């Protein structure tokens with residue numbers, strides 16, 4: 001299974017050992033518990049895409065921010081995406097403000113927020 005971590009292994013061991021008998025003495029509850037764990041494993045191993053909250057989504061790529069920068073307009077973008085856009089068009093893609101000769105500033109706070117979210121909540125995925 002993809003992304004099979006220590007927590008998942010512990011659950012699997014519980015199912016396959018006699019500890020399940022002590023937790024759920026009735027056969028119905030043992031089967032129900034095993035089915036629930038099986039559904040969790042199948043959902044985790046299925047082809048799924050990351051759930052990206054809109055606050056952490058680059059408006060150009062519609063994906064996670066990568067090296068976020070803030071433009072003079074106040075809108076944040078992934079550095080590579082906005083640089084590629086600015087090569088052919090010097091207008092902000094969201095606000096339509098002229099960005100000619102204006103610097104991009106690293107958005108360190110946003111980068112840290114995205115890293116924190118992905119570290120702690122990165123297991124949330126949506127089936128494609």
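In full-length UniProt numbering, the protein residues as written are 1 to 128. All C-beta atoms, glycine included, are put in the ideal place defined by N, C-alpha and C. The structure presented is a predicted model; accordingly, all values stated were derived computationally and were not measured.
Query: Unbroken alpha helix (DSSP H) run spanning residue 76, endpoints; Result: Note, residue 76: premise wrong, no alpha helix (DSSP H); beta strand (DSSP E) at 76-78.
Query: Cutoff 7 angstroms; reference residue 106; Cβ partners in own chain excluding five residues on either side; Result: 69
Query: Inter-residue Cα distance where the pair is residue 111 and residue 52; Result: 14 angstroms
Query: Closer than 8 angstroms: residue 120 CB and nearest the ligand SAH heavy atom; Result: The ligand SAH is not part of this structure, which contains no ligands at all.
Query: CA-to-CA distance, residue 84 to residue 98, given in whole angstroms; Result: 16 angstroms
Query: Cβ-Cβ separation, residue 78 to residue 60 (assumed contact under 8 angstroms), whole Å; Result: 7 angstroms
Query: Residue 76 versus residue 102: straight-line alpha-carbon distance, rounded; Result: 14 angstroms
Query: Between the CA atoms of residue 33 and residue 54 - distance to the nearest angstrom; Result: 35 angstroms
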